[in-house]
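Numbering (this note's numbering), first residue to last: 424 to 1035. Everything below concerns the one structure shown next.
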Ligand code: ADP
Ligand code: MG
């Protein structure tokens, strides 16, 4: 079989996505291979397809039990024999699976890294032909990545044990240079093919809001999208509890997830979300790695996360199926402080690091937090900002983010900027943003009085400008280099050559500011947009058909005890509605309908389609 035939037969897709074909070819030619593809880009197929074409077994190293379980269920549904070996199995099940593996019953075996060097596994592995070892979420091997797992280092030792060295492949969505280099060095990849695909996710709409009442904005959104699944990320467990409980009281179908819950409850809640029993998941960042649920229509960040890597990975869990989805970040000033606090406190790995190393890691984390904060204040295209962050060039207009969709006007901020700079200078460059803004605004709080900032010549000179606007301008000035922020725990404002220049220059300093619009106008537009999202995918008459197909899918999922999206994704159902296949051949043309799935369910879906 060719790789195209495997793609069609098992997975039901006709075309490869960006990067998949060259990565698969490289692996099949026997070369070590490293693929960097954004979340939901389709990394799994890059190792699963070669695994089906190689003579021996492919071992997939994966960090999470839930991730393995999900993938193995999906593979078995697609007619591929696969299994996983991790601590969720009883001893009996584990030895049974090992025995099956030795007898050649599986093409793909998922293994937890902790298992690799156990006697039983080493013994079994040395008795079978292993064609490939594939390391998923490979950034876990790097202490510079976000999810460092020391047990990932066992992979190299394990490979050294094998009688013949298999092909080694690695995949991740995190692309910073440092992590990339670590993966290659620590996994000892031999002259690897390295492929980084574009990071853009066109179907995601990005927005940043600075709401007065985050809860209200969240609740309104969730209620307006009652039929859709979404994730709400909060920075702390406490907030997760609060938000989940309030939504629950308002009658929303909601569940929650954070590290403070018992294993059992975590799994139960995760399943409720994955199996479409609960529509909304409120969670900390502990939730999500390896969540392949394809129909998440929105991800709301109730707080600003700690860096762009985390943000893009979490937000990227929306719209895996390629349908339009929204990623909304709700910014609040307190978020910066909370993240600072996490940076200063956290670091479990700290014990194993030199003090110098600890300091370097913290500094780089503060820098990443700063870039995250800038994201919340830029008025330029948000997509461009993210892509640039990952080192990719992008046009300055995407037409699908809150900045591109907002009408801005250029406002002259020269005078305000000069006063802010003047205040920094006359207070001897000793204070941070909050103090300076409070001073020029004329606040009377205790801190101002203690530092005698009420005696500063600029005190109260900008009393008529709202605080939020002053902060916005301050952020703009630091973003553009008119003021500098030190990289300390409490960043201090410093003058730059540009600030001195601004004080004397002739031409005005302009800043893009969102036009104030009538509330009703904005609301109307919002309604219109929402209608468009559904209409774009389906005609009205077909919506009924879609509901019919969806009901059948739920019924099958229940009977088979698998998540509905593993039977067929929303995208596949939508294609059935538009293409209206009438025969087996036509049905197999639908993206996502492979042979195994057709055999299992095809006729029942055809029945619904024909009856319509
Ligand atoms: P990643 O591991 O990169 O985050 P996955 O491998 O989980 O992403 O794939 C995300 C989704 O994309 C899955 O639902 C998968 O079935 C789908 N997918 C992958 N490759 C293709 C393809 N060539 N055509 C259509 N859908 C695909
Ligand atoms: Mg994956």
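All C-beta atoms in this analysis are idealised placements derived from N, C-alpha and C, irrespective of residue type, glycine included.
Where residue i sits in the DSSP three-state scheme
i: residue 557; result: strand
i: residue 935; result: strand
i: residue 652; result: strand
i: residue 496; result: helix
i: residue 799; result: helix
i: residue 489; result: helix
i: residue 519; result: helix
i: residue 930; result: coil
i: residue 741; result: coil
i: residue 469; result: helix
i: residue 831; result: strand
i: residue 816; result: coil
i: residue 747; result: coil
i: residue 623; result: coil
i: residue 572; result: coil
i: residue 424; result: coil
i: residue 1003; result: coil
i: residue 438; result: coil
i: residue 712; result: coil
i: residue 636; result: coil
i: residue 958; result: Interpretation of residue 958 is limited by its pLDDT of 37, a score under 50 that renders its predicted location unreliable; no figure is taken from the coordinates.
i: residue 733; result: helix
i: residue 611; result: coil
Strand pairing of residue i, partner residues [DSSP]
i: residue 482; result: 532 and 556
i: residue 704; result: 654 and 678
i: residue 593; result: 457 and 558
i: residue 724; result: 656 and 752
i: residue 616; result: 456
i: residue 824; result: 629
i: residue 917; result: 907
i: residue 719; result: 652
i: residue 505; result: 531
Same chain only: Cβ atoms within 7 Å of residue i, ignoring 5 sequence neighbours per side
i: residue 581; result: 539 and 540
i: residue 725; result: 637, 641, 655, 656, 657, 662, 666 and 753
i: residue 586; result: 549
i: residue 839; result: 885, 888 and 896
i: residue 567; result: 601, 602 and 605
i: residue 832; result: 936 and 938
i: residue 529; result: 480, 504, 505, 506 and 523
i: residue 969; result: 961, 996, 997 and 1000
i: residue 648; result: 720 and 721
i: residue 689; result: 680
i: residue 574; result: 536 and 537
i: residue 876; result: 850, 858, 862 and 882
i: residue 429; result: 472, 475 and 476
i: residue 829; result: 937
i: residue 880; result: 849
Own chain residues within Cβ distance below 6 Å of residue i, not counting five before or after
i: residue 758; result: 726 and 727
i: residue 1025; result: 1010
i: residue 788; result: 766
i: residue 630; result: 751 and 825
i: residue 474; result: 481, 530 and 531
Cβ shell of residue i (< 8 Å), same chain only, five flanking positions each side left out
i: residue 859; result: 843, 846, 847, 850, 897 and 916
i: residue 742; result: 463, 624, 626, 627, 719, 720 and 748
i: residue 716; result: 652, 696, 697, 740, 743, 986 and 988
i: residue 551; result: 479, 480, 524, 525 and 527
i: residue 1015; result: 434, 435, 436, 991, 992, 994, 995 and 998
i: residue 1002; result: 1009, 1012 and 1013
i: residue 955; result: Note that residue 955 scores a pLDDT of 34, beneath 50, so its modelled location is shaky; the value from the coordinates is reported in the next line. Nothing meets the Cβ criterion.
i: residue 782; result: none
Spell out a yes or no on whether the stretch 442-451 and the stretch 499-518 are touching, meaning 3 or more CB-CB pairs, one atom from each, closer than 8 Å.
Using a C-beta cut-off of 8 Å, the stretch 442-451 makes no contact with the stretch 499-518, since fewer than three inter-stretch Cβ pairs fall below that distance.
Would you call the stretch 882-891 and the stretch 901-908 in contact, with 3 or more CB pairs under 8 Å?
With the cut-off at 8 Å, the stretch 882-891 and the stretch 901-908 do not touch.
Looking at C-beta atoms only, is the number of pairs between the stretch 487-504 and the stretch 1007-1021 that lie closer than 8 Å three or more?
With a cut-off of 8 Å, the stretch 1007-1021 and the stretch 487-504 count as touching, because enough Cβ pairs lie within range.
Determine, using beta-carbon pairs with one atom in the stretch 733-741 and one in the stretch 617-629, whether at least three such pairs fall under 8 Å.
Contact annotation: the stretch 733-741 touches the stretch 617-629, with at least three C-beta pairs closer than 8 Å.
Flag this pair as touching only if the stretch 572-581 and the stretch 599-616 have three or more C-beta atom pairs under 8 Å; answer yes or no.
As far as the Cβ criterion goes, the stretch 572-581 touches the stretch 599-616, which means the pair count is three or higher.
How do the stretch 821-840 and the stretch 800-808 stand: do at least 3 beta-carbon pairs fall below 8 Å, yes or no?
These segments touch.
Given 8 Å as the limit, is there contact between the stretch 692-703 and the stretch 972-990, that is, 3 or more CB pairs closer than that?
Cβ pair count under 8 Å is three or more, so yes.
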